[in-house]
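Under the working numbering, the letters of the sequence shown match residues 351 to 566, in that order. Quick reminder that beta carbons are idealized off the backbone N, C-alpha and C, glycines included. The model shown is predicted, which means the values in this text are computed figures rather than measured ones. Report on one structure; see the data block that follows.
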Amino acid sequence: MKRIITLLTDFGLKDTYVAEMKAAIYSINPEAIIVDMTHEIERHNIRQAAFILRESSRYFPEGTIHVTVVDPGVGSKCQKPLIVETGKYIFIGPDNGVLYPAAIENKLKKVYAITPDEIVKYTGRKISRTFHGRDIYAPTAALISKGIPIDEIAQEVADFIKLELKDATRENDIIIGEVLYIDHFGNLITNVREEMIPENCRKLTIEVHGRSIEIP
């Protein structure tokens, strides 16, 4: 069954980790369509990953399964592997807040905790304590893409960790925001929305860490 699965990680491309995740998916569903959203998230930067996931996931067709693995707490007994079902997409990843902004934007419906033992029944592979991307998240996405019901591999839970990406604030003529991401070209992506800047603004002063730039 053909279905789009995206991968977003902090693994980089030097090692074989991304390929191993893809291998886990194709072993279950050879017809899956895998899209690399990015593997260049700063190591362990959950906030950056949450922003990229929220901003980029919206461009994919309905039914896409988004897998995010930025997981500094991998192997922790208190952290659940999650499936988050929304009105348009399914998000899979660790319970560390990384899925929350995208889930809220896409009308959160249900949250499930993945049952690792159920995944093993399908894969027949022991789950590594340090590579849940390959052994839990990728197989889970593949199983869902093949039509396996979520409630066969996970149990619904009441809540999950929330990570808020706060909006910029405005005080008179001053807008206070933050840089959320720096892209490959050096562009600073902020939480300042275009509509916060008046259309008749003739001069703009940007200040970052005490340094100012005037834009005519």
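Residue burial is scored here from C-beta neighbours: histidine 394 has fewer than 16 other C-beta atoms within 10 angstroms and is therefore classed as exposed. Beta-bridge annotation (DSSP): histidine 416 is paired with Thr356 and Phe441. For alanine 374, there is no enclosing beta strand (DSSP E); the residue is part of the alpha helix (DSSP H) that begins and ends at 367-378.
Cβ neighbours of isoleucine 402 within its own chain (closer than 8 Å, five residues either side excluded): Leu358, Met387, Thr388, Ile391 and Tyr531. Per DSSP, the beta-bridge partners of aspartate 386 are Leu357. Taking the Cβ atoms as the reference, isoleucine 384 lies roughly 6 Å from isoleucine 375, within the contact range of under 8 Å.
Assigned with DSSP and collapsed to three states, alanine 518 falls in coil, not helix or strand.
For leucine 363, same chain residues with a beta-carbon under 7 Å away, outside a window of 5 residues either side, are His389 in chain order. Sequence-distant Cβ neighbours of valine 448 in its own chain, meaning closer than 6 Å and more than five residues away, are Ile396, Ala399, Ala400, Thr418 and Val420. Put simply, the backbone Cα of methionine 546 is about 22 Å away from that of arginine 561. At a Cβ-Cβ threshold of 8 Å, lysine 430 and aspartate 445 count as neighbours. DSSP places serine 478 in the coil class of the three-state scheme, outside both helix and strand.
Between glycine 413 and the set Lys460, Glu502, Glu564 and Ser495, the nearest pair of CA atoms involves Ser495. One alpha carbon belongs to leucine 493, the other to glycine 443, and they sit about 15 Å apart. DSSP, read as helix, strand or coil, puts tyrosine 450 in helix.
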